[in-house]
Each structure stands twice: as C-alpha cells, then as structure tokens.
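Student: First the structure, then my questions, so here it is.
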Amino acid sequence: MPRPHRYTDDHTPGGPVFEIMLKCVGGTYLLRPDDELNAIIVGELAHALYVFRGWIRVHEFVCQSNHLHALISGVCQEAIEDFMEYFAGNVAVKIGRLRDWQGRVWNARYSLTQVFPSAQRVRQRYLWAQGLPENLYASPSENPCVSSFHAWSTGKRHLKGVRYDGTAMCKAGVGWRDPAARKPFGQAMTVELHPLPIDEGKSKRELVALARNTAKALIAEHDERRTLQGVGVLGADKMRAMSPYARPKQTKRGKAAPLAVGTEDEVAAFKLRHAAAGATRDEVVLRLVRNPATAEYPEGAAMPSVLRKAIRQANDQDVKTAQVLVQAGRPDEPQAVLRATPRRRPWPTLPDEVPVARGARTKKRRSRGGTRKQRRPTSRADRLRRRGRTLLRVGPKRRRRVTGRLGTAGQRPLTPREVPLPPTAAGPAATGAVIIRRVIRLQIRPAVEGSDEDAATRQRALSALSKPALT
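Going by the working numbering, the first residue of the sequence shown is number 147, and it counts up by one from there.
Right, here's the structure in full:
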C-alpha cells in the first residue's frame, strides 16, 4: 500500500488515472538498461496484467536506471494495491536472480498520485521527457530502457517481453547466469497499451502524430538548454556500460508526491474530500474495535487489508448460507438473504488474493562477521501476528486485538471447538461431542439499514447454518 493512506475520487470523468513511481533502494542502478532485463520487466508486467485482467489498464510505462514511472487506471484502489504488490514483488525476485543481488530491491513504498483529466497531458509529457533534463540522451526515442514512447511513436501500441518460469528452472537445475540454458523456459509476453481517457476515440494516425510532435518540442527545448549550458549528452552506450551496483554521487530529494494533480480548484476540493474521508476512517477503526456491527466505511477511501479479508470471508459465508437454504428446500430465500447482506457500496467483487513469490519483499543479508548477532526480543505485536491474530492501531503506541482469525476461507483453517450434543426426544443429552468450526465475521453496514423483514430472514438463515448436524 502506498504511503500515506489514500483516497480515490470515483466520480472522475473517464475513470480515475494514477501516476506511480517506484525507486530502487538507495538510488542503485539495478535497472541499468540491457535487452535481457528490459524483456524481463515487460514480461512480468504482462503477467501481472493477465492475473488482474479486467481490473487494471496501462497507459504509459517508462523506466530509468534506478526508478520507473507508470500511468495506470483501475476499477478501485484496492485492486491497484494488490497489482503493485504482485508486480513489484515478482520483478524484485527476477532482478535479484539476474544481478546476483542480496537484499531489498525497491526503496520503501511506491508513490501514488491521482491525475485529473486536466493534467493527464502534462504528466504524459513528463514521462516521455525522462532522461532529457539529466542529459542522458537527446531524444525520447533514444531511451535504452523500457519506454512506451517507442510504441506510441511507431503506432504499435504494445510492448514485447519474456517471462521465465523460475519454478521449472529450479526443478531442472538451471541457473540464471547462462542465458542460453534458460532460454527454453521463457515465454513471450505482450503488454497492450491503452490511450488516456482524454485520447479516447482518436485514430491511430492522430496518436502517432501526437507522440512525434511532442518529441520534436522536447528535443528543441532541451537542445537550446544544453547549448546555453555548454554540456553534451551521456549516450545510451555509456548508460549500458554502467555498473548495476553503483549509485549516483548525489540523489535528488524532492518533495513528497502530491495526493492529486490538476487545476487548483480540483486539487483543493479533492483535499477537502480526502480529509473528510480520513476523519471518518479513524472513527470507523475505533467502532470496529468496539462493535464491528456499527462500522460504516467511507466511500472512496482505500480499504485496509483487514477489512478486505473480512468482506471476502463474509461473502464466502453468504454463498454457504444460500447453499444450505437450497438444500433445505427453500430456494426462494437465498436471494432475500443476499439482499439483506450488509454491503460497503455497489462495486464489483474484490479480486481474489494473489500469493506473492517467496523472497519478493525482503531478503536477509548474509552475515559477514564471525559472531552471531543476538535476536532482539519479540514484541507482543509480533507474537500475535505469528499466531494469525490481527492488531489495529487505535492511538499512539496503542493497539487492540481483533477477536478471532481474519483469514480467507480455504487459506487458513479456523479454530475448531467441541460442543456437547443437544438433548433429543429419545432421551437426555447424548454422550460425546461434535466438532464444529467457529467463524468470526465483521459486518460492514451501509448508510441505509435494511428492513426488519430482511434482518429477520438473515437471522433465521444464520441460525440454521450454525446448528451442528447430528450424525
């Protein structure tokens, strides 16, 4: 998830567009341009888009030696967060194998900025101009790294890459240092580029002319600047000859990424909505700790993973409830139960969780000293997380535990418990016990409560589901 907590304006005409920037740790040139690494980055991007097909669209994608930029759009911010975790994790693993790099690849979290239609052309021009202010090359077409400008200026509208199956390579005993040995394990992948919402409906010829005219203006602007300064360009060959483990002498530490870019009125109104949603979110967290049934999450605010897992679990439980009612001979009641189910807002079903590759987040550095470092004592929060518990921050250095385990159905077994069998008509309480599973649910209520009839229908369905079967 990006920092800080974000708010998405779902009412943007043409759909919300976001600008993403991801930096390498310490400014290291781990993304130094070469044909092999460029193909791997595009291949992993294409694979991530295939996993999240229908949820994410890519408009622009530009890399430099130590960072990358992208303009993407998604149906909701939760899908963008899952997509970035999956894509950045897989690329980090492949870069670590290819560069023989131990440790983190990316620097902390990525930055996420919403781009209003009035600023989309400006941000597109900024991405195409990457490398020109630093005098790396003279034209956007000379960028040796991955760049979507090559596709737009030629009319291809796609990027080609290769994705290697690391699992198959490991089983076959093939390493990453021999390109010829791992070639049979590669699969050609293609990334389809989509025009920005402001360019929807334009023909292929118009898009090509737009890219070429923008390039001509950028070349003239920076040629004049270099002439006045008396400097030249580094060149693509010297960029490829750089060491991937080197760092710049001095990195630029600019301001933090803004929440949104657009006109002054648009940004001011957006900040007001963002502040209101943040205040509502803090109140929801406190209500969630005290009484989950009264939580009303603000529309447009990014939902934490705790609530996303709870909603997935509640949806799974609703499906099971409907199946029980159908088997009991009441096929008309499942629809009433689903209508009475508390919902956050009328949006598409959240995408299923995608497992991140092992070692994608952080790798432990190899110890160089002769003495073994002592482990620091684990905190209460770490111990609870290891046992599958969930903590919510309710204040400075104050956390409260959410009762139960919030796991998606099928990924982690719920805690079983034994209950005595109820008395039957044949005699007293039967001996023995029945193992049932305890399900902890968090209900996210909408602003308008359902009717009493719907609530009664849902209560009867849940009570029928919770009764253990006597065998």
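Idealized CB from N, CA, C, for every residue including glycine.
Under 8 Å: do the segment 184 to 199 and the segment 328 to 341 share three or more Cβ pairs, one atom per stretch?
Tutor: Touching, yes, given that three or more Cβ pairs across the two stretches are closer than 8 Å.
Student: Near phenylalanine 233, which residues of its chain fall below 7 Å by C-beta distance, leaving aside the five closest residues on each side in sequence?
Tutor: Correct list, in chain order: Glu190, Leu191 and Ala194.
Student: Pick helix, strand or coil for tyrosine 391, following the three-state DSSP scheme.
Tutor: Coil at tyrosine 391, not helix or strand.
Student: Enumerate in chain order the residues of its own chain whose CB-to-CB distance from valine 379 is below 8 Å, with the five nearest sequence positions on each side excluded.
Tutor: Asn281, Leu282, Tyr283, Ala284 and Arg372, listed in sequence order.
Student: I need the straight-line Cα distance from phenylalanine 198 to alanine 225, nearest angstrom please.
Tutor: Going from the Cα of phenylalanine 198 to the Cα of alanine 225 covers about 8 Å.
Student: What is the residue span of the alpha helix (DSSP H) that cysteine 209 lies within?
Tutor: No alpha helix (DSSP H) contains cysteine 209, which is instead part of the beta strand (DSSP E) from 202 to 209.
Student: Is valine 163 helix, strand or coil by DSSP?
Tutor: Of the three classes helix, strand and coil, the one that applies to valine 163 here is strand, per DSSP.
Student: Check each candidate in Gln333, Val163 and Leu177 and name the one with the smallest Cα separation from valine 239.
Tutor: If we check each option's Cα against that of valine 239, Leu177 comes out closest.
Student: Grab me the residues of proline 290's own chain with a C-beta within less than 7 Å of its C-beta, minus the 5 sequence neighbours each way, in chain order.
Tutor: Once the five neighbours on either side are set aside, the close Cβ partners of proline 290 are Pro179, Ala382, Met385 and Arg386.
Student: Compare the Cα-Cα distances from proline 330 to each of Ile344, Tyr310 and Leu353 and report the closest residue.
Tutor: Proline 330 has its Cα closest to that of Tyr310, out of Ile344, Tyr310 and Leu353.
Student: Within 10 angstroms of its Cβ, does histidine 420 collect 16 or more other Cβ (buried), or is it exposed?
Tutor: Label assigned to histidine 420: buried.
Student: On a CA-only basis, which of Asp369, Lys398, Gln260 and Pro343 is nearest aspartate 155? Give me that one, please.
Tutor: Minimum Cα distance to aspartate 155 is reached at Gln260.
Student: Where in the segment 301 to 327 do unbroken runs of the beta strand (DSSP E), each at least 3 residues long, occur, reported from the N-terminal end onward?
Tutor: Qualifying beta strand (DSSP E) stretches, in chain order: 304 to 310.
Student: Would methionine 230 be called buried (16 or more neighbouring beta carbons within 10 Å of its own) or exposed?
Tutor: Buried, by the Cβ-count rule.
Student: Between the Cα of tyrosine 153 and those of Thr467, Val470 and Ala422, spot the shortest distance and give me the residue it belongs to.
Tutor: Of Thr467, Val470 and Ala422, the residue nearest in Cα terms is Ala422.
Student: Leucine 339 by DSSP, collapsed to three states: which one?
Tutor: Leucine 339: coil per DSSP, three-state reduction.
Student: Have a look at Val163, Ala366, Gly307 and Leu214 and flag the residue whose alpha-carbon is nearest the alpha-carbon of arginine 203.
Tutor: Selected option, being the one with the closest Cα: Val163.
Student: If you measure between the beta carbons of glycine 703 and glutamine 210, is that distance less than 8 Å?
Tutor: A question about residue 703 goes unanswered here, because the residues of the chain that appear run from 147 up to 617.
Student: Check whether the Cβ of histidine 420 lies closer than 7 Å to any heavy atom of the ligand ZN, and answer yes or no.
Tutor: Among the components modelled here there is no ligand, and therefore nothing to report on the ligand ZN.
Student: Would you kindly work out how many angstroms separate the C-alpha atoms of glycine 173 and valine 472, rounded to a whole number?
Tutor: Computed Cα separation, rounded: 59 Å.
Student: Pick helix, strand or coil for proline 574, following the three-state DSSP scheme.
Tutor: With a pLDDT of 44 at proline 574, under the threshold of 50, the predicted position of this residue should be treated as unreliable, though the coordinate-derived value follows. Here proline 574 sits in strand by DSSP.
Student: Which residue marks the beginning of the alpha helix (DSSP H) containing glutamine 248, and which one marks its end?
Tutor: Looking at the DSSP string, glutamine 248 is not in any alpha helix (DSSP H), and its letter there is neither H nor E.
Student: Can you confirm whether the segment 356 to 364 touches the segment 292 to 299 when touching is taken to mean that 3 or more C-beta pairs between the two stretches lie within less than 8 Å?
Tutor: Yes: at least three Cβ pairs fall under 8 Å.
Student: Is the segment 347 to 355 in contact with the segment 257 to 272, if contact means three or more CB pairs nearer than 8 Å?
Tutor: With the cut-off at 8 Å, the segment 347 to 355 and the segment 257 to 272 do not touch.
Student: Go through its chain and collect everything with a Cβ distance to isoleucine 241's Cβ below 6 Å, but skip five positions before and after it.
Tutor: Leu176 and Val251.
Student: Which term fits threonine 549, buried or exposed, when burial requires 16 or more other beta carbons within 10 angstroms of its beta carbon?
Tutor: Interpretation of threonine 549 is limited by its pLDDT of 43, a score under 50 that renders its predicted location unreliable; no figure is taken from the coordinates.
Student: Taking C-alpha atoms, which residue in Pro341, Ile166, Gln396 and Lys302 lies nearest to glutamate 111?
Tutor: Not covered by the structure: residue 111. The range shown for the chain is 147 to 617.
Student: Considering only the alpha carbon of each residue, which of Ile365, Gln333, Tyr391 and Lys466 lies closest to alanine 314?
Tutor: Minimum Cα distance to alanine 314 is reached at Gln333.
Student: From glutamate 352 to tyrosine 196, what distance separates their C-alpha atoms?
Tutor: The straight-line gap from Cα to Cα measures roughly 28 Å.
Student: With DSSP as the reference, label glycine 381 as helix, strand or coil.
Tutor: DSSP places glycine 381 in coil when its eight states are reduced to three.
Student: Using DSSP's beta-bridge definition, name the partner residues of glutamine 260.
Tutor: Paired residues: Phe164 and Ala406.
Student: Using CA coordinates, which residue listed in Gly475, Gly376, Glu412 and Ala425 is at the minimum distance from proline 263?
Tutor: Comparing Cα-Cα distances from proline 263 to each of Gly475, Gly376, Glu412 and Ala425, the minimum goes to Glu412.
Student: Taking only three categories from DSSP, how would you classify leucine 183?
Tutor: DSSP places leucine 183 in helix when its eight states are reduced to three.
Student: To the nearest angstrom, report how far apart arginine 328 and glutamate 182 are at their CA atoms.
Tutor: Spanning the two alpha carbons is a distance of roughly 12 Å.
Student: Applying the 10 Å Cβ sphere with the 16-neighbour rule, what's the burial state of alanine 118?
Tutor: There is no way to answer for residue 118, as the model of the chain reaches only from 147 to 617.
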